[in-house]
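Residue numbers (the working numbering): 44 to 269.
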């Protein structure tokens, strides 16, 4: 068991809840991209069967394995052809933002459910200790992870959604210059994920902000029951 705990990025007792969270979070995130792209006139994702909530269609096995082992990974990106949009830049921003927004909505819904269970006394009334622990652990991981994914995906570095949003918001001349250095930006992104001091200066503050968003929302909802 000690060997397994040292092999995986997350404790063994939390791993099933984390995998379930990722299953939901990644699937809904990619579905949101595909759904809005199709709505705005780009059938690329639909033709590839990506406008679905079937996790198997969106999961990248290596990306998920790396996430479990190293703490960072990815789902299969949804292909989007902005040339099919009536207003490519505006609709491109909406399609890109739809993914992170879906994670924010999941986090809010999950926090409302968990805080309501706590505030109403339903959770505290569960006598089975294992069930109580499982429910508490799942919602904690689910809500915090989705708040974090919302913030993380808005980082303006490729291949994240924040970079695609930046491309569409900036003037075309500047966007073209960004595309010229995009390959180097990816290396910067990887260095941030790999080097601890850079993680502490960039990723850690996002994690702390996600925690604050979760805790403050939960406290506010629980307070309504008092």
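The C-beta atom is built at its ideal place from N, Cα and C for all residues, glycine as well.
Do you know offhand how far residue i's Cα is from residue j's?
i	j	result
residue 165	residue 223	56 Å
residue 219	residue 157	45 Å
residue 259	residue 155	12 Å
residue 82	residue 209	22 Å
residue 270	residue 66	Any property of residue 270 remains undetermined from this structure, which presents the chain solely from 44 to 269.
residue 178	residue 64	13 Å
residue 221	residue 195	20 Å
residue 159	residue 183	14 Å
residue 264	residue 254	16 Å
residue 228	residue 174	45 Å
residue 130	residue 137	11 Å
residue 217	residue 257	36 Å
residue 149	residue 68	8 Å
residue 134	residue 153	28 Å
residue 234	residue 132	30 Å
residue 252	residue 202	22 Å
residue 169	residue 86	48 Å
residue 92	residue 211	26 Å
residue 59	residue 193	21 Å
residue 197	residue 53	24 Å
residue 243	residue 237	11 Å
residue 122	residue 144	18 Å
residue 94	residue 84	13 Å
residue 125	residue 180	40 Å
residue 226	residue 111	26 Å
Using a Cβ-Cβ distance under 7 Å, would residue i count as near chain C?
i	result
residue 65	Structure shown: chain C not included; a single protein chain is present.
What whole-angstrom Cβ distance do residue i and residue j have, given they're in contact under 8 Å?
i	j	result
residue 204	residue 140	7 Å
residue 114	residue 107	About 12 Å separates the two Cβ atoms, so there is no contact after all.
residue 162	residue 78	About 33 Å; that fails the 8 Å criterion.
residue 96	residue 74	5 Å
residue 146	residue 186	11 Å between Cβ atoms; not a contact.
residue 249	residue 191	6 Å
residue 215	residue 206	Not quite, the Cβ-Cβ distance comes to about 16 Å (not below 8 Å), so this is no contact.
residue 72	residue 142	4 Å
residue 88	residue 80	5 Å
Got a sec, what are the start and stop residues for the alpha helix (DSSP H) residue i sits in?
i	result
residue 95	Looking at the DSSP string, residue 95 is not in any alpha helix (DSSP H), and its letter there is neither H nor E.
residue 263	239-266
residue 81	58-82
residue 91	Neither: residue 91 is in no alpha helix (DSSP H) and is coded neither H nor E.
DSSP three-state label for residue i, please.
i	result
residue 103	coil
residue 224	coil
residue 204	helix
residue 186	helix
residue 211	helix
residue 197	coil
residue 217	helix
residue 55	coil
Identify every run of the alpha helix (DSSP H) within the stretch 115-176, keeping only runs that are complete inside it and at least 4 residues long; order them along the chain.
Entirely contained in the stretch 115-176, the alpha helix (DSSP H) runs reaching 4 residues are, in chain order, 131-162.
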